[in-house]
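Chemist: Pasting a structure here, questions to come.
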Amino acid sequence: MGELLRSRRERLQPADVGLPTGARRRTRGLRREEVAQLAAISSTYYTYLEQGREMRPSRQVLDSLSAALRLDAAERSHIHELIHGAPPAETPAVVETLSPALVSLVDRLDPCPAYVTGRCWDVLASNRAARALWTDWPARPPEARNLLWWMFTDPGARQVMVDWPAEASALLGRFRTATARHPGDPGFSTLLERLHAASPEVREWWPQHRVVPLSSGTKRLRHPVLGEIELEHVVLQLADNPQQKLVTFTATDQVQDRISSLF
-7 MGELLRSRRE
3 RLQPADVGLP
13 TGARRRTRGL
23 RREEVAQLAA
33 ISSTYYTYLE
43 QGREMRPSRQ
53 VLDSLSAALR
63 LDAAERSHIH
73 ELIHGAPPAE
83 TPAVVETLSP
93 ALVSLVDRLD
103 PCPAYVTGRC
113 WDVLASNRAA
123 RALWTDWPAR
133 PPEARNLLWW
143 MFTDPGARQV
153 MVDWPAEASA
163 LLGRFRTATA
173 RHPGDPGFST
183 LLERLHAASP
193 EVREWWPQHR
203 VVPLSSGTKR
213 LRHPVLGEIE
223 LEHVVLQLAD
233 NPQQKLVTFT
243 ATDQVQDRIS
253 SLF
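Position 219 of the sequence shown, counted from 1, bears residue number 211 in the numbering used here, the numbering being contiguous throughout.
What follows is the structure in structure tokens.
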């Protein structure tokens, strides 16, 4: 395992994982302390692992190392086999569904924008107001009906979100908080890999390990007809499935009347 960790560390460059290149390096690839930082473990612990000392890291630590070193699926399974004798059981893909009553509630909230997100922030339902202010979620390809994917890869998101850097960074922090509760979940890891490949901001911000809890608050949106508007939002987790979240928005009567005029 120590040889495997060292070889994979040496094949990576700082830019591959969103780290600054800095001064000239005496060794190839990443430094040990950089891998430790990416995997959220101590430098000493990582050094002991790479030296091949008698240790038995948990599956969660191995998953963190696999992500930090950009291991593919075969390499990830191999590193688990080296330590635990068998690869981790994969979580089966979950097809998320919503109750008809919840879908009806979202529609009835018009003209107050509302949408429901799933465990990986897929947008599972949205009403007319939300589609008019954000994007037409049902019209997007299934793999693109995701709040993070829209935020980081759709140029339209930077036009819609007045405070795009702050909003995008906070959304990524909330996603990191959720991934910690689902180590090894292929839904989270696949989305994260796609985001790393598509977004320079994700590659830069993810190693910073910002953690943000779910919360309500204020959002400022920009619309081609309405101009800039301010909305208060509340996030509600469903009792039957806390991974699904109903997000509702309200505004002043004047702003609500302007949103209603879009239909």
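From the three backbone atoms N, C-alpha and C, an ideal C-beta is built for every residue, glycine too.
Computed from a predicted model, the values in this text were never measured in an experiment.
Is the beta carbon of ALA243 less than 8 Å from the beta carbon of LEU228?
Modeler: Residue numbering aside, residue 243 sits at position 251 when the sequence shown is read from its first letter. Residue numbering aside, residue 228 sits at position 236 when the sequence shown is read from its first letter. Cβ distance not < 8 Å, so ALA243 and LEU228 don't count as in contact.
Chemist: Quick one: what's MET153 bridged to in DSSP?
Modeler: The sequence position of residue 153 within the sequence shown is 161, counting from 1. BP columns for MET153 point to LEU213.
Chemist: Between ARG24 and GLU42, how many whole angstroms is the CB-CB distance? I'm expecting something under 8 Å.
Modeler: Your numbering for residue 24 matches position 32 in the sequence shown. Your numbering for residue 42 matches position 50 in the sequence shown. Confirmed, about 7 Å.
Chemist: Give the straight-line distance between the Cα atoms of SER56 and PRO130, rounded to the nearest whole angstrom.
Modeler: Within the sequence shown, residue 56 is the residue found at index 64, counting from 1. Within the sequence shown, residue 130 is the residue found at index 138, counting from 1. Rounded to the nearest angstrom, the gap between the Cα atoms of SER56 and PRO130 is 34 Å.
Chemist: Per DSSP, what kind of secondary structure is GLN229 in: helix, strand or coil?
Modeler: The sequence position of residue 229 within the sequence shown is 237, counting from 1. Strand, per DSSP.
Chemist: State the start and end residues of the unbroken beta strand (DSSP E) segment that holds PHE255.
Modeler: In the sequence shown, residue 255 corresponds to position 263, counting from 1. Where PHE255 is concerned, there is no enclosing beta strand (DSSP E), because DSSP gives it neither an H nor an E.
Chemist: Our contact map puts VAL152 next to ARG250 with C-beta atoms below 8 Å; I'd like the distance itself, whole angstroms only.
Modeler: By 1-based counting over the sequence shown, the position of residue 152 is 160. By 1-based counting over the sequence shown, the position of residue 250 is 258. The Cβ separation is near 16 Å, so there is no contact.
Chemist: Taking LEU278 as part of the beta strand (DSSP E), name the residues at either end of that continuous run.
Modeler: An answer regarding residue 278 cannot be provided, because it is not within the stretch -7 to 255 covered by the chain.
Chemist: If I measure Cβ to Cβ from MET47 and keep anything under 7 Å in the same chain, skipping five residues before and after, which residues do I get?
Modeler: The residue you call residue 47 lines up with position 55 of the sequence shown. The residues are TYR40 and LEU41.
Chemist: Suppose you measure from the CA of SER263 to the CA of ARG62; what does that come to, to the nearest Å?
Modeler: No information on residue 263 is available, as it lies outside the stretch -7 to 255 that the chain covers here.
Chemist: Tell me the DSSP secondary structure of LEU300 in three-state form.
Modeler: Because the chain spans -7 through 255 in this model, residue 300 falls outside it and cannot be assessed.
Chemist: With a Cβ-Cβ cutoff of 8 Å, do LEU183 and LEU140 count as a contact?
Modeler: For the purposes of this step, residue 183 is identified with residue 191 of the sequence shown, where counting begins at 1. For the purposes of this step, residue 140 is identified with residue 148 of the sequence shown, where counting begins at 1. Contact flag set, yes.
Chemist: Give every residue of the same chain whose Cβ lies closer than 8 Å to the Cβ of THR109, excluding the five residues on either side of it in the sequence, and list them in chain order.
Modeler: In the sequence shown, the residue the question calls residue 109 occupies position 117. If we look at THR109 and ignore the five residues flanking it on each side, its Cβ neighbours are VAL115, LEU116, LEU139, GLN236, LYS237 and VAL239.
Chemist: Whole angstroms are fine: how far does the CA of ALA7 sit from the CA of PHE241?
Modeler: Residue mapping note: residue 241 aligns to position 249 of the sequence shown, counting from 1. Residue mapping note: residue 7 aligns to position 15 of the sequence shown, counting from 1. Approximately 39 Å, taken between the alpha carbons.
Chemist: If I measure Cβ to Cβ from THR145 and keep anything under 7 Å in the same chain, skipping five residues before and after, which residues do I get?
Modeler: The residue labelled residue 145 in the question sits at position 153 within the sequence shown. Take THR145, set aside five residues on each side of it, and the residues of its chain with a beta-carbon closer than 7 Å to its own are ALA190 and SER191, in chain order.
Chemist: Can you round the beta-carbon distance between GLY165 and VAL203 to whole angstroms, since I take them to be within the 8 Å contact cut?
Modeler: Reading the sequence shown from its first residue, position 173 is the one you call residue 165. Reading the sequence shown from its first residue, position 211 is the one you call residue 203. Indeed they touch by this definition, with Cβ atoms about 6 Å apart.
Chemist: If I measure Cβ to Cβ from ALA32 and keep anything under 7 Å in the same chain, skipping five residues before and after, which residues do I get?
Modeler: Start at 1 with the first residue of the sequence shown, and residue 32 comes out as number 40. Same-chain partners within the cutoff: SER56 and HIS201.
Chemist: According to the neighbour-count rule (16 or more other Cβ atoms, all chains shown, within 10 Å of its Cβ), is ASP177 buried or exposed?
Modeler: Taking the sequence shown and counting its residues from 1, the one referred to as residue 177 is at position 185. Buried.
Chemist: Going by Cα to Cα distance, which pick from MET143, PHE255 and TRP113 is closest to VAL217?
Modeler: Here residue 217 refers to the residue found at position 225 of the sequence shown. Its Cα nearest to that of VAL217, the residue PHE255 stands out among MET143, PHE255 and TRP113.
Chemist: Nearest by alpha-carbon distance to PRO199: which of GLY77, LEU30, THR210 and ARG17 is it?
Modeler: The sequence position of residue 199 within the sequence shown is 207, counting from 1. For PRO199, the nearest C-alpha among the options comes from LEU30.
Chemist: Could you pull the start and end residues of the beta strand (DSSP E) that LEU116 belongs to?
Modeler: To locate residue 116, count along the sequence shown from 1; it is residue 124. Note, LEU116: beta strand (DSSP E), 115 to 118.
Chemist: Ordered along the chain, which non-local residues of its own chain (more than five positions away) have a Cβ less than 8 Å from that of PRO205?
Modeler: As a working note, residue 205 is residue 213 in the sequence shown. Residues of the same chain with a CB within less than 8 Å of the CB of PRO205, apart from the 5 flanking positions on each side, are ARG166 and THR169 in chain order.
Chemist: Just verifying my parser: in three-state terms, what is the DSSP assignment at ALA106?
Modeler: Against the sequence shown, residue 106 aligns to sequence position 114. Note: ALA106 maps to strand in three-state DSSP.
Chemist: Does the distance from the CB of ARG150 to the CB of TRP142 come in under 8 Å?
Modeler: Position 158 of the sequence shown, counted from the first residue, corresponds to residue 150. Position 150 of the sequence shown, counted from the first residue, corresponds to residue 142. Contact flag unset, no.
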